[in-house]
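Student:
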Amino acid sequence: MLAAYEPEQRFVIESSEPIVEIYRDCVYVPVIEPANYWENKDWGIYDRDGKLIEAAAFYRVGKREGQSDVCPLDLSRAPYAPRQRYFYVGNVFNHYGHFLCSTMSRLWALPRYREGSMPLLGHAVGGPPHWFSWSHTRTLFGAAGINYEDFANFDRPTRIRELVVARPSFVECTHAHTTHAHAAHRWGDRLAKTQDVTSPIDMIYLAKTKFRDLPHGMANEARLVEALQHLGVQIVHPEQLTIPEQVALFRRTRIVMGQVGSALHTNIFNEPRYDQVFVAFNASPHTYSSNHAMFDAINNNRSFYVYTPCEWKNYDDGVARYELNDPQAAAREIVDFARSV
Numbered sequence: 002m003l004a005a006y007e008p009e010q011r012f013v014i015e016s017s018e019p020i021v022e023i024y025r026d027c028v029y030v031p032v033i034e035p036a037n038y039w040e041n042k043d044w045g046i047y048d049r050d051g052k053l054i055e056a057a058a059f060y061r062v063g064k065r066e067g068q069s070d071v072c073p074l075d076l077s078r079a080p081y082a083p084r085q086r087y088f089y090v091g092n093v094f095n096h097y098g099h100f101l102c103s104t105m106s107r108l109w110a111l112p113r114y115r116e117g118s119m120p121l122l123g124h125a126v127g128g129p130p131h132w133f134s135w136s137h138t139r140t141l142f143g144a145a146g147i148n149y150e151d152f153a154n155f156d157r158p159t160r161i162r163e164l165v166v167a168r169p170s171f172v173e174c175t176h177a178h179t180t181h182a183h184a185a186h187r188w189g190d191r192l193a194k195t196q197d198v199t200s201p202i203d204m205i206y207l208a209k210t211k212f213r214d215l216p217h218g219m220a221n222e223a224r225l226v227e228a229l230q231h232l233g234v235q236i237v238h239p240e241q242l243t244i245p246e247q248v249a250l251f252r253r254t255r256i257v258m259g260q261v262g263s264a265l266h267t268n269i270f271n272e273p274r275y276d277q278v279f280v281a282f283n284a285s286p287h288t289y290s291s292n293h294a295m296f297d298a299i300n301n302n303r304s305f306y307v308y309t310p311c312e313w314k315n316y317d318d319g320v321a322r323y324e325l326n327d328p329q330a331a332a333r334e335i336v337d338f339a340r341s342v
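One point on numbering: in our numbering, the residue at position 140 of the sequence shown is 141, and numbering is uninterrupted.
(1) Have a look at the DSSP bridge pairing and note the partners of Lys64.
(2) If we call anything under 8 Å between Cβ atoms a contact, is Arg86 one with Arg187?
(3) Going straight from the alpha carbon of Asn283 to that of Lys209, what length do you get?
(4) Pick out the complete alpha helix (DSSP H) segments inside the stretch 108-138, 4 residues or longer, and give them in chain order.
(5) According to DSSP, what are the bridge partners of Trp44?
(6) What do you get for Asn315, buried or exposed, if any count of 16 or more other CB atoms within 10 angstroms of its CB means buried?
(7) Quick check for students: name the residue ranges of the alpha helix (DSSP H) that lie wholly in the stretch 275-319, counting only runs of 4 or more.
(8) For Arg2, does the count of other Cβ atoms within 10 angstroms reach 16, so buried, or fall short, so exposed?
(9) Report yes if the C-beta distance between Ser17 and His178 is below 8 Å; otherwise report no.
(10) Looking at the strands, I want to know which residues DSSP matches up with Tyr6.
(11) Going along the chain, which residues of its own chain have a beta-carbon closer than 6 Å to the beta-carbon of Ser106, five neighbours each way excluded?
(12) What's the gap between the Cα of Arg333 and the Cα of Phe142?
(13) Please state the DSSP three-state secondary structure of Asn92.
(14) Of all the options Asp197, Tyr47, Ala185, which has the alpha carbon lying nearest to the alpha carbon of Cys72?
(15) Write down the C-beta distance between Ala281 and Ser304 rounded to the nearest angstrom, noting that I regard them as a contact closer than 8 Å.
(16) Below 8 Å between beta carbons: does that hold for Ala153 and Pro201?
(17) Cα separation between Pro19 and Ala58?
(18) Does DSSP classify His238 as helix, strand or coil?
(19) Based on DSSP bridge pairs, tell me the residues matched to Val71.
(20) Nearest CA to the CA of Glu15: which residue from Ala321, Val342, Met295, Glu324?
(21) Count the other C-beta atoms from every protein chain shown that fall within 10 angstroms of the C-beta of His266, then say buried if there are 16 or more, exposed otherwise.
(22) List the whole-angstrom C-beta distance separating Gly67 from Ser263, where the pair is believed to meet the contact cut-off of C-beta under 8 Å.
(23) Identify, in the order they occur along the chain, each residue of the same chain with its Cβ nearer than 8 Å to the Cβ of Gln362, setting aside the five sequence neighbours on each side.
(24) Using C-beta distances below 7 Å, list every residue in its chain close to Phe133, excluding the 5 sequence neighbours before and after it, in chain order.
(25) Cys27 lies in the beta strand (DSSP E); which residues open and close that run?
(26) Buried or exposed: Val62, going by 16 or more other Cβ atoms within 10 Å of its Cβ?
(27) List the whole-angstrom C-beta distance separating Phe279 from Asn302, where the pair is believed to meet the contact cut-off of C-beta under 8 Å.
(28) Can you find the residues in the same chain that come closer than 7 Å, C-beta to C-beta, to Gln277, ignoring five residues on each side of it along the sequence?
(29) Where does Gly117 land, buried or exposed, given buried means 16+ other C-beta within 10 angstroms?
(30) For chain D, check one thing: does any of its Cβ atoms lie closer than 8 Å to the Cβ of Glu246?
(31) Whole-angstrom Cβ separation of Leu164 and Tyr24, contact assumed at under 8 Å?
So this is what it looks like as structure tokens:
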């Protein structure tokens, strides 16, 4: 039997803006290939003495990820960057959900604190041309008015005379500012401006059945999808839509359902509607990411979290996934629930 639950509030929501600081005579240390953020702990923004600048560090789930307190490299001979002042964007993720949560968390400050053609600095494996080979990066940075030519590209430690560092508006699973939602609404308007946002849709389900690599989640979702289709629910495969199409779809739809996952994060681009409902399906109350509830809180979404009897199984690829005991019953119950709230 379907049951609803209230996610634990293991995070802090703030209505104030994060602070913005300017650091002088600091050193940008890139992520050196082929290592990633976690394998290479030398990367980051360090002061002239080689100490990590905390405001520019990457935090996730309440702890700093990957970086050393003191850079082990010799920074004394690092050359100066050609420009006087740079804006720090932070970490650039090649994952849609983490991009929305973390990469875009410092961009709220761009309109006020980036002067003219002030170059940007970011951290990720490879340089900006490589980052912009990811389709979501081109689209989302584009919504914020950024292209790859706006980024400086340093492949070795480089001294920065002045660096503008905006504190993040969203720290995954820890705390968030409503500023994050306000900025996302502006980007959402730009993303949806060429799309149909007026033709209403009653109910959709965001399916993962055509996702190329399903690392975890519901193993027998195809049976749930089939049952939902028989009940008149429109099935949507987000990875087959552009991001502007997804944003517009959320603006047109009254009830959006789906498994807990990054696809539901798209709601952050839209201001809340009094008649709109989000229903997030999960295996149990103990297997959800706080990021979902944080997006709901900063955006004032009407979101509900539900689960139904299931069984966890280990598969040949070494990953555990859950199977619904009765997908047909689950489909009926989730539709009835969504229409009743």
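Glycine is no exception: its CB is placed at the ideal position from the N, C-alpha and C atoms.
Tutor: Walking through what the data contain:
(1) Within the sequence shown, the letter at position 63 stands for residue 64. In the DSSP output, where bridge partners are listed per residue, Lys64 has Arg61.
(2) Counting from 1 along the sequence shown, the entry for residue 86 is found at position 85. Counting from 1 along the sequence shown, the entry for residue 187 is found at position 186. No, the pair does not count as a contact, with Cβ atoms beyond the cut-off.
(3) Locating residue 283 in the sequence shown gives position 282, counting from the first residue. Locating residue 209 in the sequence shown gives position 208, counting from the first residue. Cα to Cα, the separation comes out at about 13 Å.
(4) 111-114, 129-132
(5) Translated into the one-based positions of the sequence shown, residue 44 becomes position 43. DSSP, once it has assigned bridges, lists no residue as partnering Trp44.
(6) Residue numbering aside, residue 315 sits at position 314 when the sequence shown is read from its first letter. Under this definition Asn315 is an exposed residue.
(7) 291-300
(8) Residue mapping note: residue 2 aligns to position 1 of the sequence shown, counting from 1. Reading off the sequence, residue 2 comes out as Met, not Arg. It is exposed - the Cβ of Met2 has fewer than 16 other Cβ atoms within 10 Å.
(9) On the sequence shown, position 16 is the one that residue 17 refers to. On the sequence shown, position 177 is the one that residue 178 refers to. Contact: yes.
(10) Within the sequence shown, residue 6 is the residue found at index 5, counting from 1. Answer is Tyr306.
(11) Here the question's residue 106 lines up with position 105 in the sequence shown. These residues qualify, in order along the chain: Pro169, Ser170, Phe171.
(12) Taking the first residue of the sequence shown as 1, we reach residue 333 at position 332. Taking the first residue of the sequence shown as 1, we reach residue 142 at position 141. Approximately 40 Å, taken between the alpha carbons.
(13) One-based indexing of the sequence shown puts residue 92 at position 91. DSSP places Asn92 in strand when its eight states are reduced to three.
(14) In the sequence shown, residue 72 corresponds to position 71, counting from 1. Checked all of Asp197, Tyr47, Ala185; the closest Cα to Cys72 is Tyr47.
(15) Counted from its first residue, the sequence shown places residue 281 at position 280. Counted from its first residue, the sequence shown places residue 304 at position 303. Right, their Cβ atoms sit about 6 Å apart.
(16) Numbered from its first residue, the sequence shown carries residue 153 at position 152. Numbered from its first residue, the sequence shown carries residue 201 at position 200. No.
(17) The residue given as residue 19 occupies position 18 in the sequence shown. The residue given as residue 58 occupies position 57 in the sequence shown. Computed Cα separation, rounded: 15 Å.
(18) Here residue 238 refers to the residue found at position 237 when the sequence shown is read from its first residue. Correct three-state label for His238: coil.
(19) For the purposes of this step, residue 71 is taken as residue 70 along the sequence shown, with counting starting at 1. Lys52.
(20) For the purposes of this step, residue 15 is identified with residue 14 of the sequence shown, where counting begins at 1. Among Ala321, Val342, Met295, Glu324, the Cα nearest to that of Glu15 belongs to Met295.
(21) Position 265 of the sequence shown, counting from 1, holds the residue named residue 266. His266 should be labelled buried.
(22) Along the sequence shown, one-based indexing puts residue 67 at 66. Along the sequence shown, one-based indexing puts residue 263 at 262. That pair is no contact at about 21 Å.
(23) Missing from the structure shown is residue 362; the chain here goes from 2 to 342 and no further.
(24) Your numbering for residue 133 matches position 132 in the sequence shown. Arg139, Tyr149, listed in sequence order.
(25) Counting from one through the sequence shown, the residue named residue 27 turns up at place 26. 21-30 is the extent of the beta strand (DSSP E) around Cys27.
(26) Residue numbering aside, residue 62 sits at position 61 when the sequence shown is read from its first letter. The residue is exposed, with fewer than 16 neighbouring Cβ atoms inside 10 Å.
(27) The count along the sequence shown starts at 1 and reaches residue 279 at position 278. The count along the sequence shown starts at 1 and reaches residue 302 at position 301. So it is a contact: roughly 6 Å between Cβ atoms.
(28) Translated into the one-based positions of the sequence shown, residue 277 becomes position 276. Same-chain partners within the cutoff: Arg255, Arg303.
(29) The residue labelled residue 117 in the question sits at position 116 within the sequence shown. So Gly117 ends up on the exposed side.
(30) Absence of chain D from the displayed structure is noted, only one protein chain being present.
(31) In the sequence shown, residue 164 corresponds to position 163, counting from 1. In the sequence shown, residue 24 corresponds to position 23, counting from 1. Yes, they are in contact, since the Cβ atoms of Leu164 and Tyr24 sit about 5 Å apart, within 8 Å.
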